[in-house]
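Below is one structure, written out as structure tokens; the observations come after it.
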Amino acid sequence: MTTQDHGGTPTVAVLGGGVMGGTLVAALRTGGWPGDRITVADQDVARAAALAEEHGVRTAGNDDAVAGADVVLLAVKPDVVPAVLAQVAPGLRAGALVVSVAAGVPLRVYEEALPAGTPVVRVMPNTPALIGKGASAIAPGRDAGAEHLALVERMLAATGLVERVAEKHLDAVTALSGSGPAYAFYVIDALAEAGVLLGLPRDLASRLAVATVEGSAAMVAQTGDHPAVLRERVSSPGGTTVAGVAALDAHAVRAGLVAGVRAAAERSRELGAG
Numbered sequence: 003m004t005t006q007d008h009g010g011t012p013t014v015a016v017l018g019g020g021v022m023g024g025t026l027v028a029a030l031r032t033g034g035w036p037g038d039r040i041t042v043a044d045q046d047v048a049r050a051a052a053l054a055e056e057h058g059v060r061t062a063g064n065d066d067a068v069a070g071a072d073v074v075l076l077a078v079k080p081d082v083v084p085a086v087l088a089q090v091a092p093g094l095r096a097g098a099l100v101v102s103v104a105a106g107v108p109l110r111v112y113e114e115a116l117p118a119g120t121p122v123v124r125v126m127p128n129t130p131a132l133i134g135k136g137a138s139a140i141a142p143g144r145d146a147g148a149e150h151l152a153l154v155e156r157m158l159a160a161t162g163l164v165e166r167v168a169e170k171h172l173d174a175v176t177a178l179s180g181s182g183p184a185y186a187f188y189v190i191d192a193l194a195e196a197g198v199l200l201g202l203p204r205d206l207a208s209r210l211a212v213a214t215v216e217g218s219a220a221m222v223a224q225t226g227d228h229p230a231v232l233r234e235r236v237s238s239p240g241g242t243t244v245a246g247v248a249a250l251d252a253h254a255v256r257a258g259l260v261a262g263v264r265a266a267a268e269r270s271r272e273l274g275a276g
């Protein structure tokens with residue numbers, strides 16, 4: 003892959019200036035990408051202009067943004083991906099990398115619509131990428147090599163964790179980390195509601211629930227211990243934690259979470275099948 007002359011920094015066209023497109027622009031700038039190497043295109047001209055003003059990047063229409071770009075990043079809604087690909091394919095520079103964060107659109111859709119040999123990488127991010135605490139998985143197409151994956155990792159570095167996977171695993175990733183923040187919010191809300199039920203003021207219950215989940219996740223990440231081991235360490239025989247966990251098991255909370263992730267994965271497969 004070649005790049006235009008600017009210290010090896012590729013030019014990036016971001017198609018779509020919504021939440022995820024804006025997040026990726028911010029991540030690029032946080033990661034040190036020069037503003038004059040990033041162009042944003044969005045049907046909502048005002049939204050693109052707002053991103054340009056906030057992050058010091060350029061704006062253009064899809065065709066002009068793509069022309070000469072080293073990387074074309076699709077952050078549009080999944081249902082408009084085919085139309086956008088049809089529009090920009092003729093103007094795509096030879097060797098340009100196409101990166102998509104559109105959920106559920108398989109690599110074959112891009113590879114069939116774009117010029118033969120175009121490298122494509124799919125990305126499944128999640129919403130905590132907005133604050134640099136995201137979890138993203140990247141999957142290469144048939145013409146994407148190690149250098150393309152390394153470039154995508156560099157682009158996403160400021161969003162949080164980035165893992166390489168085969169495309170066959172993206173439905174599971176979508177169900178676990180893509181949809182996962184909703185499950186975490188669900189648990190936080192339930193913990194806070196329990197505190198209110200027991201007489202705590204709602205704002206205090208919410209702060210305690212958030213800090214507890216945040217701290218527990220940090221302990222798993224920092225110690226490297228299995229969550230079950232950490233749970234056992236705070237579960238004294240005959241104590242309050244054991245009683246609470248027993249009640250959770252009796253209400254099949256663990257099985258419910260597993261079932262939820264499996265249901266999300268199945269829905270992801272359905273969406274990908276069209």
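Heads up, the sequence shown is in my numbering, so the first residue is 3 and it goes up one at a time.
Just so you know, even glycine gets a beta-carbon here, dropped at the ideal spot from N, CA and C.
With distance defined between alpha-carbon atoms, name the residue in the options nearest to residue i.
| i | options | result |
| --- | --- | --- |
| residue 104 | 94, 96, 93, 122 | 122 |
| residue 63 | 89, 139, 179, 140 | 89 |
| residue 137 | 177, 146, 127 | 127 |
| residue 80 | 263, 116, 106 | 106 |
| residue 120 | 147, 47, 205 | 147 |
| residue 145 | 74, 113, 32 | 113 |
| residue 160 | 188, 135, 171 | 135 |
| residue 39 | 67, 212, 22 | 67 |
| residue 132 | 190, 237, 22, 211 | 22 |
If you run the structure through DSSP and keep just helix, strand and coil, what is residue i?
| i | result |
| --- | --- |
| residue 5 | A caution first: residue 5 carries a pLDDT of 44, below 50, which makes its placement in the model unreliable, though a value can still be read off. Three-state DSSP puts residue 5 in coil, outside helix and strand. |
| residue 36 | coil |
| residue 116 | coil |
| residue 163 | strand |
| residue 76 | strand |
| residue 142 | strand |
| residue 124 | strand |
| residue 99 | strand |
| residue 69 | coil |
Who are residue i's beta bridge partners in DSSP?
| i | result |
| --- | --- |
| residue 41 | 15, 60 |
| residue 259 | None, per the DSSP bridge assignment. |
| residue 194 | Paired residues: none, contrary to the question. |
Would the beta-carbon of residue i fall within 8 Å of that of residue j?
| i | j | result |
| --- | --- | --- |
| residue 111 | residue 83 | yes |
| residue 93 | residue 69 | yes |
| residue 203 | residue 130 | no |
| residue 1 | residue 270 | In the structure as shown, the chain begins at 3 and stops at 276. Residue 1 is therefore absent and cannot be evaluated. |
| residue 15 | residue 48 | no |
| residue 185 | residue 246 | no |
| residue 153 | residue 36 | no |
| residue 26 | residue 77 | yes |
| residue 175 | residue 139 | yes |
| residue 41 | residue 51 | no |
| residue 124 | residue 172 | yes |
| residue 141 | residue 116 | no |
| residue 53 | residue 33 | no |
When the Cβ atoms of the stretch 189-202 are set against those of the stretch 153-171, are three or more pairs found closer than 8 Å? no
Check whether the stretch 208-218 and the stretch 239-251 touch, using three or more Cβ-Cβ pairs below 8 Å as the test. no
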